[in-house]
Amino acid sequence: MKQVVIVTGSGRGIGAAVARQLAAGGHAVAVNFRSDRQAAEELVRTVRAAGGVALAVQADVADEAQVTQMFDMVEQELGPVSALVNNAGVTSRMASFMQTSSTTIENVFRTNVYGTMHCCRAAIDSFRRSGTKGVIVNVSSVAAATGSPNEYVHYAASKAAVETFTLGLAKELAPEGIRVCAVAPGLTLTDIHAVSGEPDRPARLAPKIPLQRPATPEEIAEPIVWLLSPAASYITGTTLRCGGGL
1 MKQVVIVTGS
11 GRGIGAAVAR
21 QLAAGGHAVA
31 VNFRSDRQAA
41 EELVRTVRAA
51 GGVALAVQAD
61 VADEAQVTQM
71 FDMVEQELGP
81 VSALVNNAGV
91 TSRMASFMQT
101 SSTTIENVFR
111 TNVYGTMHCC
121 RAAIDSFRRS
131 GTKGVIVNVS
141 SVAAATGSPN
151 EYVHYAASKA
161 AVETFTLGLA
171 KELAPEGIRV
181 CAVAPGLTLT
191 DIHAVSGEPD
201 RPARLAPKIP
211 LQRPATPEEI
221 AEPIVWLLSP
231 AASYITGTTL
241 RCGGGL
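If you count the sequence shown from 1, position 54 lands on 54 in full-length UniProt numbering, and the numbers rise without skipping.
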């Protein structure tokens with residue numbers, strides 16, 4: 001069954017890989033971005049050039065009003081939303097907890113936790129209006145289990161919140177046939193490391209991973225897309241850890 005899927009924060013990295021794989025499978029994809037319009041629109045052009053259906057939609061997921069507008073626009077342009085991937089997330093420069101400002105902590109939780117909740121609320125409303133037994137996949141992180149000491153414990157805490165939220169929401173919505181899962185990537189080759197102040201972090205940490213290497217965004221996208229599919233129809237409330245053995 002073809003789906004209309006919103007992928008938040010999908011202009012690049014894991015989100016872009018998810019959008020490309022969904023489009024290649026024949027699904028209509030809403031490519032959400034907050035500020036990098038050029039990357040999102042380039043991805044949409046690539047999808048359309050290959051015969052796929054895609055739409056770039058600007059919205060800051062931390063703002064509930066913008067999330068509502070995003071869902072309205074997608075429904076008008078592509079049709080009823082049948083799936084959501086909550087990929088949008090932010091981190092900060094690596095530092096110990098006491099060196100991390102309150103503003104930074106609030107910004108991370110506003111996007112990673114509140115943003116995920118805002119988008120889930122909008123998706124559930126959309127599923128119920130259209131009678132769709134939709135699917136939500138939240139993107140967590142292996143950091144939720146490791147705590148990321150001396151790097152960004154606030155980010156790890158935000159992702160732990162996402163996993164607990166995923167479990168509880170899945171149990172609430174299961175009687176309606178709506179599934180909610182999460183994927184927790186480990187070290188992945190995206191620009192998050194440069195944003196955090198250490199672009200060479202994947203090379204530094206690779207020897208500590210049992211598989212001895214970081215993941216590519218495509219390797220994380222594969223299980224996300226699988227969880228959205230009918231092949232995962234009996235899976236809900238589960239966080240799939242994709243950490244190369246960690």
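Where a beta carbon is used, it is the ideal one built from N, C-alpha and C, also for glycine. Here the structure is a predicted model, which means the values were calculated and not measured.
Let me know if T132 comes out buried or exposed under the rule of 16 or more other beta-carbons within 10 Å of its beta-carbon.
-> buried
How would you label Y234, buried or exposed, when you count the other beta carbons within 10 angstroms and need 16 or more for buried?
-> exposed
Could you name the residues of the same chain whose beta carbon sits closer than 7 Å to that of A144, not counting the 5 residues immediately before and after it, in chain order?
-> If we look at A144 and ignore the five residues flanking it on each side, its Cβ neighbours are A156, K159, A160, E163, A184.
Check T100 in the structure and name its three-state DSSP category.
-> coil
What is the DSSP secondary structure of L167, reduced to helix, strand or coil?
-> helix
Return the Cβ separation of A56 and V67 in integer angstroms, given the expectation that the two are a contact with Cβ distance under 8 Å.
-> 16 Å between Cβ atoms; not a contact.
Distance between beta carbons of N87 and V31, contact taken as under 8 Å = With 8 Å as the limit, V31 and N87 do not qualify as a contact, their Cβ atoms being about 11 Å apart.
CA-to-CA distance, L84 to residue 323, given in whole angstroms | Past the boundaries of the shown model lies residue 323; the chain is included only from 1 to 246, so the question cannot be answered.
Sub-8 Å separation of R34 and D191 beta-carbons | no
Exposed or buried, N112, counting other C-beta atoms within 10 Å across all chains shown (16 or more means buried)?
-> buried
Cβ-based neighbour list, D74, same chain, cut-off 8 Å, excluding 5 preceding and 5 following | Here residue 74 turns out to be Val, not Asp, going by the sequence shown. Once the five neighbours on either side are set aside, the close Cβ partners of V74 are V4, I6, A30, L55, V57, V81.
Span separating the alpha-carbon of I220 from that of T46 | Cα atoms of I220 and T46: separation of roughly 20 Å, rounded to the nearest angstrom.
Note down the Cα distance separating G25 from W226, rounded to an integer number of angstroms.
-> Distance between G25 and W226, taken at the CA atoms: about 11 Å.
Leaving out five residues before and five after G147 in sequence, what residues of the same chain have Cβ atoms less than 7 Å from its Cβ?
-> Closer than 7 Å at the Cβ level, and outside the excluded window around G147, lie V153, A156.
Anticipated Cβ contact below 8 Å, V139 with G89, distance rounded | Approximately 7 Å separates the beta-carbon atoms of V139 and G89; this is inside 8 Å, confirming the contact.
What's the C-alpha gap between P207 and R213?
-> Our two residues, P207 and R213, have alpha carbons roughly 7 Å apart in a direct line.
Cβ shell of I241 (< 7 Å), same chain only, five flanking positions each side left out | Here residue 241 turns out to be Arg, not Ile, going by the sequence shown. Hits under 7 Å: V142, A184.
Tell me which same chain residues have a C-beta within less than 8 Å of the C-beta of A23, skipping the five on either side of it?
-> Only V29, V47, A50, G52, V53, A54 meet the Cβ criterion.
In the DSSP assignment, what residue or residues form a beta bridge with R179?
-> V135
Can T166 and T91 be called in contact, C-beta distance under 8 Å?
-> no
Kindly give me the distance between the Cβ atoms of residue 253 and V135, rounded to whole angstroms, as I take these residues to be in contact under 8 Å.
-> The first residue shown for the chain is 1 and the last is 246, placing residue 253 beyond what the model contains.
For R128, which option in R110, P175, R20, P210 has the closest C-alpha, if you only look at C-alpha atoms?
-> Measuring from the Cα of R128, the nearest candidate turns out to be P175.
Measuring CA to CA, which of P210, M70, S102 is closest to C120?
-> M70
Name, in chain order, the residues that DSSP records as bridge partners for A174.
-> Beta-bridge pairing links A174 to no other residue.
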